[in-house]
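The structure under discussion appears below in the form of structure tokens.
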Amino acid sequence: MKAKAFGGRTVLDIGVGVEERLRGVVIFAEGAKRDHIDEFLTLILEQSYWTKNHSFLGPTLNWSLPIAAAVDTKKPPEMISPNMTAVMCVYSAMFMRFAWVVQPRNLHLLVCHVSNETVQLYQLSRWIRAKMNPEQKNEEDKQ
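Quick note on numbering: UniProt numbering labels position 46 of the sequence shown as 46, and the sequence is numbered without any gaps.
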């Protein structure tokens, strides 16, 4: 642990980051001067939850998977790769379990993978319906 000076006060750096940032917010809210804004931002970014905590950064970046799958729902089902979609279903199921079992529970990761699982299963069902009913596609082409 080390002490840092901020706005005429000493803030204890305990290495966790959350408590330090909260103290920094309180100090800032108590009337830190405008010239201390840069110092305040530096304090936040040094122990930043957003850049150093994998429990937040990983799930945040992982949201690209369900977003991409949701965007792909507008594409024809023939473009769906059943192998990749099945792998994504298994992947999300495994990480849902991990997010629930790990202590403390990572609900952000859990919600991300529940969303991904839902969209991937929908994509897989679209592919199955397209393979089971090829005459439906022919009827849509005629119209």
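Cβ atoms here follow ideal geometry from the backbone N, Cα and C, with glycine treated the same way.
Identify, in the order they occur along the chain, each residue of the same chain with its Cβ nearer than 8 angstroms to the Cβ of residue i, setting aside the five sequence neighbours on each side.
i       : result
Cys-89  : Glu-117, Gln-120, Leu-121, Leu-124
Pro-134 : none
Give me the residue from the options with the minimum Cα distance to residue i.
i       : options                           : result
Arg-97  : Ala-130, Met-132, Trp-63, Cys-112 : Cys-112
Val-114 : Phe-95, Pro-134, Val-102, Pro-104 : Phe-95
Pro-59  : Trp-127, Arg-105, Val-87          : Arg-105
Arg-129 : Ile-80, Leu-110, Val-102, Trp-63  : Ile-80
Lys-131 : Val-102, Val-87, Pro-76, Trp-100  : Pro-76
Suppose the cutoff is 7 angstroms on Cβ atoms and the five residues either side in sequence are ignored; what does the same chain contact list for residue i look like?
i      : result
Ala-69 : Asn-116, Val-119, Gln-120, Gln-123
Ser-92 : His-113, Asn-116, Glu-117, Gln-120
Pro-82 : Leu-124, Trp-127
Trp-63 : Cys-112
Glu-78 : Ala-130
Could you round the C-beta distance between residue i and residue j to whole angstroms and report it? I think they count as a contact, below 8 angstroms.
i       : j      : result
Trp-127 : Thr-85 : 7 angstroms
Using a Cβ-Cβ cut-off of 6 angstroms (strictly less than) and excluding sequence neighbours within five positions of residue i, which residues of its own chain qualify?
i      : result
Ala-99 : Asn-106, Leu-109, Leu-110
Pro-66 : Ser-115, Asn-116, Val-119
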